[in-house]
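First up is the structure itself, then whatever we jot down about it.
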Amino acid sequence: MSAQDEIEQQTISNTPQANAEPIRILDENGNVLPNAEVPDLSDDELLSMYEDIKLAREFDQRAISLQRQGRIATYAPMTGQEGSQVATSYALDDQDWLFPTYREHAAKYVHGVDLASILKPLRGLREGYAVPDDVNVMPEYIPIATQVPQAMGMAWGFKLQGRTDEAVLCHLGDGATSEGDFHEGLNFAGVFDVPAVFVCNNNQWAISVPRERQTASETIAQKARSYGLEGIRVDGLDPLAVYKVTRDAINKAKDPAGDELRPTFIESIQYRYGAHTTADDPSVYREENEAEEWREMDPIDRLGNYLRGEGILDDELEATIDDRIEAHIDEALGEAENAETEPEKMFEHVYDEMPARLQEQMDELNALREKYGDEEFSEVLE
Amino acid sequence: MSAQDEIEQQTISNTPQANAEPIRILDENGNVLPNAEVPDLSDDELLSMYEDIKLAREFDQRAISLQRQGRIATYAPMTGQEGSQVATSYALDDQDWLFPTYREHAAKYVHGVDLASILKPLRGLREGYAVPDDVNVMPEYIPIATQVPQAMGMAWGFKLQGRTDEAVLCHLGDGATSEGDFHEGLNFAGVFDVPAVFVCNNNQWAISVPRERQTASETIAQKARSYGLEGIRVDGLDPLAVYKVTRDAINKAKDPAGDELRPTFIESIQYRYGAHTTADDPSVYREENEAEEWREMDPIDRLGNYLRGEGILDDELEATIDDRIEAHIDEALGEAENAETEPEKMFEHVYDEMPARLQEQMDELNALREKYGDEEFSEVLE
Amino acid sequence: MSSATNPETETKTDRLTLVEAVRDGLYTEMSQDDSVIVLGEDVGKNGGVFRATDGLHEEFGENRVVDTPLAEAGIVGSAIGLAMTGMKPIPEMQFMGFMYPAFDQIVSHAARLRSRSHGQYSVPMVVRAPYGGGIRAPEHHSESKEAFFVHEPGLKVVSPSTPYDAKGLLTASIRDPDPVIFLEPKLIYRAFRDDVPTESYEVPLSDAAIRREGSDISVYTWGAMTQPALIAADNLAEEKGVDVEVVDLRTLSPLDTETIVDSFKKTGRAAIVHEAPKTGGLGAEVASTIQEGALLHQEAPIKRITGFDAPMPLHSLEDYYLPQAVRIQEGILETVDF
Amino acid sequence: MSSATNPETETKTDRLTLVEAVRDGLYTEMSQDDSVIVLGEDVGKNGGVFRATDGLHEEFGENRVVDTPLAEAGIVGSAIGLAMTGMKPIPEMQFMGFMYPAFDQIVSHAARLRSRSHGQYSVPMVVRAPYGGGIRAPEHHSESKEAFFVHEPGLKVVSPSTPYDAKGLLTASIRDPDPVIFLEPKLIYRAFRDDVPTESYEVPLSDAAIRREGSDISVYTWGAMTQPALIAADNLAEEKGVDVEVVDLRTLSPLDTETIVDSFKKTGRAAIVHEAPKTGGLGAEVASTIQEGALLHQEAPIKRITGFDAPMPLHSLEDYYLPQAVRIQEGILETVDF
Ligand SMILES: Cc1ncc(C[n+]2csc(CCOP(=O)(O)OP(=O)(O)O)c2C)c(N)n1
Ligand SMILES: Cc1ncc(C[n+]2csc(CCOP(=O)(O)OP(=O)(O)O)c2C)c(N)n1
Ligand SMILES: [Mg+2]
Ligand SMILES: [Mg+2]
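Chains as they are written, first to last, in my numbering: chain A, 2 to 383; chain B, 2 to 383; chain C, 15 to 352; chain D, 15 to 352.
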């Protein structure tokens with residue numbers, strides 16, 4: 002079955018808002034589909050989106066190889082999913098907040114987190130999660146689905162304070178829809194009608210568990226109806242379509258028409274081309290050729306073809322872009338590899354003021370470090 | 002708005018299986034509705050169902066007054082909901098298991114728990130939860146919705162062991178549908194296709210929170226679709242209708258036709274006539290006359306009228322039934338009030354074998370009791 | 015509630031019960047600070063199942079006193095999000111036994127957002143919950159598992175034992191920039207009244223309180239158990255001439271090690287009284303802290319007088335489970351006579 | 015895995031790592047008892063993220079080795095139901111840090127079904143979870159909060175420190191009629207190999223193990239920390255002539271008070287080593303137990319050498335957080351020289 006069929010197959014029969022057919026703008030060759038409308042983005046914006054998707058893919062490959070060399074810890078790749086990540090973040094205004102999981106590196110980057118900050122936690126440094134004040138991105142969420150009620154709460158806070166120009170975008174995976182926190186958060190979102198957009202990156206797998214063993218629901222999007230929310234399905238390998246539905250949802254969140262509810266639940270249909278993380282071997286649980294079929298719908302090819310067709314992109318520009326990406330990543334990596342931290346930091350950020358007990362523990366550790374030297378602490382325990 | 006309107010109002014437009022119109026057999030006067038079919042129950046069965054519903058209501062009134070006299074602890078009344086409780090348990094076979102909440106006294110009774118055992122925990126005795134081996138009833142569940150995954154698991158166990166004649170019926174409230182455990186349990190039920198029936202006793206209130214503030218979902222029943230399950234709405238004040246949908250669901254659980262899924266989610270639309278518990282004062286948060294409207298649909302009146310119309314019930318029989326109920330409750334109360342326990346019991350049932358530490362603690366307590374007498378322990382602490 | 019001006023302090027005071035003082039603390043702080051909001055099950059129109067939020071819904075409206083759906087992870091999770099927007103949310107958990115569905119949000123997130131973000135973000139939230147046994151409540155309604163939260167770095171844990179402290183500690187908790195688990199001893203919600211200033215004031219989250227001075231033994235306790243501990247102390251003074259010091263920890267995390275150890279240095283003997291099961295209870299931490307800090311003063315084993323290593327029984331046996339004055343006296347005597 | 019017959023015992027043995035021994039324990043018990051089933055996230059086809067269930071899916075089929083949806087309360091809750099039908103479910107929690115969503119099901123239900131039903135029902139289930147730090151894992155992957163579960167009556171808590179014990183304790187846990195929290199020290203999953211009998215055997219859930227005899231001080235530990243404790247002991251013997259006894263608790267609840275106290279009576283000094291934060295950790299319970307049982311033998315304060323009262327840092331600092339041999343040695347010397 003082709004990926005196109007695969008995407009369309011998960012349709013539902015009778016829930017109108019959970020969109021039987023996923024929304025799509027570009028066909029597999031990057032041609033605009035009949036009746037589809039390209040979102041109102043300038044050539045520069047389109048190009049920049051394209052560059053960011055390419056950067057994301059290059060970053061992913063570099064990160065995987067860094068992990069293999071032992072220079073960073075376990076990494077969750079995003080190849081195949083960058084198009085959707087980049088597009089969702091393009092749909093945000095600067096003042097909007099992003100709740101990423103461990104996989105949304107590109108979404109974070111586009112919303113203002115520099116690449117070095119993304120790499121630092123992978124080198125064991127919490128510093129990477131302390132983004133500048135004007136970058137509205139939460140530290141990535143690892144306990145699955147826990148971000149959902151929190152994102153709902155932040156959106157609720159904006160609403161209660163009349164901050165009508167601020168909205169929240171919350172990412173989650175297909176597996177995450179099985180967790181209780183997903184349910185509680187979306188139910189609250191419906192009841193309190195908050196300016197939040199929830200994007201389920203349905204990459205067909207939760208580690209080794211395929212989408213159809215995760216839930217007997219016909220589609221993921223239709224789960225929205227349980228909470229009175231609008232559920233939308235979109236081709237997650239079509240950056241223009243993802244941009245459009247997300248931007249519409251953000252607009253609706255801030256300024257709903259009539260009796261529209263503010264929150265939206267988007268199922269962005271994707272595929273995880275690679276491993277769950279660098280510690281995972283997908284060949285154990287899935288057919289290698291599955292990914293190949295999805296690659297035919299690849300976002301870079303589709304958007305690239307579209308841009309070339311429109312005369313916005315050519316070989317020369319492509320080469321410039323690639324060089325720029327290379328340099329950018331090199332620089333970020335250099336910065337991340339030179340970054341350092343101090344053992345004191347783990348005591349400093351537990352409470353606003355360090356309690357006496359903790360201070361004592363820090364002093365004890367420091368005395369030991371002084372006496373024996375830091376080498377004594379860097380040995381692996383095993 | 003009349004209760005009939007109220008019940009019908011919560012309809013949904015586009016989800017076919019979550020039944021726009023609640024199923025109903027008897028109208029408000031106990032007449033069989035056109036096109037409705039009375040389930041295949043003998044006169045004796047119908048009468049016995051009627052008697053049990055009346056017993057439940059009498060028990061409820063007695064329990065409330067016992068609580069006022071300080072003879073039992075906080076009690077959760079069921080008046081208005083007994084019809085549904087009794088009918089669901091009539092739909093079970095003896096070997097089926099029941100997962101009740103703190104409110105399903107009548108459901109427990111019908112499935113084999115004697116009234117004294119129901120009263121004992123209210124007198125502070127855990128003995129009441131240790132039902133005989135052949136009574137398949139779990140101790141009541143107080144932490145909301147926690148029973149849902151457990152009921153699912155038991156049904157799963159039956160299926161895995163090929164015990165095709167056993168099913169599970171799990172009760173929950175409308176408020177319970179907001180909890181994560183509800184979601185996780187139903188999602189598992191769909192994925193593993195287990196012989197379980199989940200009955201949501203939608204009594205319109207979760208303590209002070211009305212149904213429409215609990216979730217923005219149009220109906221409770223439609224939540225079933227998120228899990229691939231059939232969702233059914235039934236008039237919970239119509240015991241015949243409740244019996245029918247529950248019995249059908251139990252049959253389907255054990256012997257599904259074609260590609261039917263085994264589990265069913267039933268929304269039984271009811272109203273809590275009285276207080277949440279004897280510690281609650283509903284006049285603080287809802288209109289007193291709301292209950293009056295629902296009382297027009299009262300299950301005792303409707304079933305009674307039906308039975309009289311069919312010539313199954315008359316005044317004389319009604320009087321006999323009432324006397325029997327009175328005597329039954331008196332006897333149970335006597336037994337419960339005479340029941341005693343021993344402090345040792347709280348140590349005995351923690352583990353299969355009492356650990357040494359616990360043994361020591363028990364010995365210490367016993368030594369103290371010996372030295373000072375039990376009176377020293379019965380004083381209120383304040 | 016009758017108001018009066020306290021001649022000693024010249025502040026206006028009310029005679030309030032502990033639960034009224036909680037309500038008053040919420041009221042006072044909400045009046046002064048718009049960012050404070052209360053959310054939870056039945057906290058609004060109903061005023062809370064213990065009336066701790068009585069009248070607040072009327073006073074501050076449904077946007078600041080919010081009835082939520084029945085979902086504790088939703089409540090605490092959304093409160094974390096609210097806190098991120100500059101608000102000071104006060105989620106109520108209806109009973110401590112119903113905090114567990116929110117356990118992940120509390121320990122994995124509320125406690126750690128500051129450290130996870132390397133100091134960039136914080137969660138100024140107060141999770142309130144009635145806790146403890148003795149009120150003839152049904153199953154799961156009598157939990158006293160403060161030790162769970164004390165073991166999680168990043169949380170503060172507070173439990174008042176008097177109406178005065180209830181308001182003052184609550185005020186300090188609301189103003190604290192870190193997440194506080196505020197455990198209200200429901201057994202003594204209405205047990206007695208105290209002079210409680212109508213104005214706002216803080217009882218700092220750092221100091222244990224000596225409730226009774228004594229020289230023979232230090233008894234450490236908190237919450238509802240402060241009462242039987244004081245009764246036992248009085249009885250022993252009268253009947254046996256034993257002079258008991260009663261230390262009310264008040265803030266359970268971070269612990270006031272200094273006061274704990276200083277009292278012990280004076281008396282050389284100690285007992286700890288709590289409702290929770292003995293094994294792994296906070297009593298173990300207090301005992302360990304004492305012997306780490308003052309072993310050379312120790313004259314007898316430190317006695318733990320606690321709930322048993324068994325789940326809280328139903329109400330007919332709960333008085334056997336909870337440390338009664340008689341058990342406390344016996345434990346103290348055993349230690350004093352060692 | 016090469017098989018051999020152990021000449022001393024004449025049983026057939028394999029040289030297994032700890033995680034292989036876990037897998038072997040599951041395999042052996044599942045082969046003998048049809049009612050044993052394994053369920054969890056990625057335990058089936060994938061064989062578990064640490065390969066602890068490797069090959070079991072192929073061997074026993076998808077009805078006995080079940081990949082579940084991603085929902086921990088669903089996993090533990092359904093396991094409770096499965097247990098009620100006479101099965102012996104072994105739910106896996108992928109990491110201890112992901113047990114919290116199931117906390118309510120574990121503490122409010124699994125732990126209490128026996129007492130709630132007055133002995134009528136029980137939950138013979140083993141919840142397995144890899145735990146502890148040191149493997150350069152991301153956030154929330156390095157929890158060691160065994161103290162949470164030890165404080166809940168009705169649960170047993172077990173943590174093996176050797177491959178031999180891993181299989182034997184797991185077998186005993188599966189056969190135990192009560193719910194067991196089985197915590198696997200993932201830092202030493204593959205650290206070394208042991209002779210592990212291919213046949214089934216039990217290591218009882220009641221006895222601590224003396225890993226090294228000594229007369230100067232007793233060091234109590236469990237799980238992965240047994241390794242640095244033994245290294246520290248060897249170093250001290252060699253460099254300072256200090257003779258350390260190392261006691262591996264193995265079963266953390268119920269605690270083997272007798273072995274704990276007896277060892278202390280012999281040495282008069284103690285240190286406890288654990289990864290978890292110090293305050294409220296199991297070290298406090300061990301220290302309190304010792305001084306209750308053997309105060310008159312005590313010659314120095316009992317030292318706790320533990321994780322700090324801070325969340326586990328990201329991996330660049332985790333070696334500072336975990337008790338290293340050097341910290342353990344220093345703590346022991348301080349106690350011995352007191
Ligand atoms: C509460 C919790 N349980 C288990 C895990 C371990 N885990 C990490 S990622 C993952 C699969 C997530 O699948 P999905 O939500 O589809 O997101 P994806 O990784 O595919 O992007 C699991 C089980 C976790 N991080 N948190
Ligand atoms: C986890 C949990 N949270 C809160 C409570 C307190 N509580 C008891 S009953 C109840 C309302 C339940 O409403 P619903 O599910 O509709 O059932 P009903 O009482 O109406 O039958 C609440 C909030 C609880 N028992 N468990
Ligand atoms: Mg996925
Ligand atoms: Mg209800």
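Idealized CB from N, CA, C, for every residue including glycine.
Test: residue i CB closer than 7 Å to a CB of chain B
| i | result |
| --- | --- |
| residue 53 of chain D | no |
| residue 154 of chain D | no |
| residue 192 of chain A | yes |
| residue 338 of chain C | yes |
Beta-carbon gap between residue i and residue j smaller than 7 Å
| i | j | result |
| --- | --- | --- |
| residue 194 of chain B | residue 23 of chain B | no |
| residue 222 of chain D | residue 273 of chain D | yes |
| residue 233 of chain C | residue 256 of chain C | no |
| residue 152 of chain B | residue 197 of chain B | yes |
| residue 186 of chain B | residue 149 of chain B | yes |
heavy atom of ligand 2 below 6 Å from residue i C-beta
| i | result |
| --- | --- |
| residue 112 of chain C | yes |
| residue 175 of chain B | yes |
| residue 84 of chain C | yes |
| residue 343 of chain A | no |
| residue 108 of chain C | yes |
| residue 268 of chain B | no |
| residue 55 of chain C | yes |
Strand pairing of residue i, partner residues [DSSP]
| i | result |
| --- | --- |
| residue 318 of chain D | D:286 |
| residue 211 of chain B | B:206 |
Any chain D beta carbon closer than 7 Å to residue i
| i | result |
| --- | --- |
| residue 118 of chain C | yes |
| residue 285 of chain A | yes |
| residue 345 of chain C | no |
7 Å Cβ cutoff, residue i in contact with chain A
| i | result |
| --- | --- |
| residue 372 of chain B | no |
| residue 307 of chain C | no |
| residue 229 of chain B | yes |
| residue 105 of chain C | no |
| residue 167 of chain C | yes |
Closer than 6 Å: residue i CB and nearest ligand 3 heavy atom
| i | result |
| --- | --- |
| residue 206 of chain A | yes |
Residue i at chain C interface by Cβ criterion, 7 Å
| i | result |
| --- | --- |
| residue 185 of chain A | yes |
| residue 351 of chain B | yes |
| residue 264 of chain A | no |
Residue i CB to nearest heavy atom of ligand 1 below 6 Å
| i | result |
| --- | --- |
| residue 142 of chain D | no |
| residue 104 of chain A | yes |
Neighbourhood of residue i by C-beta, 6 Å cutoff - its chain only, sequence neighbours within 5 removed
| i | result |
| --- | --- |
| residue 11 of chain B | In this predicted model, residue 11 of chain B has a pLDDT of only 36, less than 50, meaning its place in the structure is not dependable enough to derive any value. |
| residue 327 of chain D | 335 |
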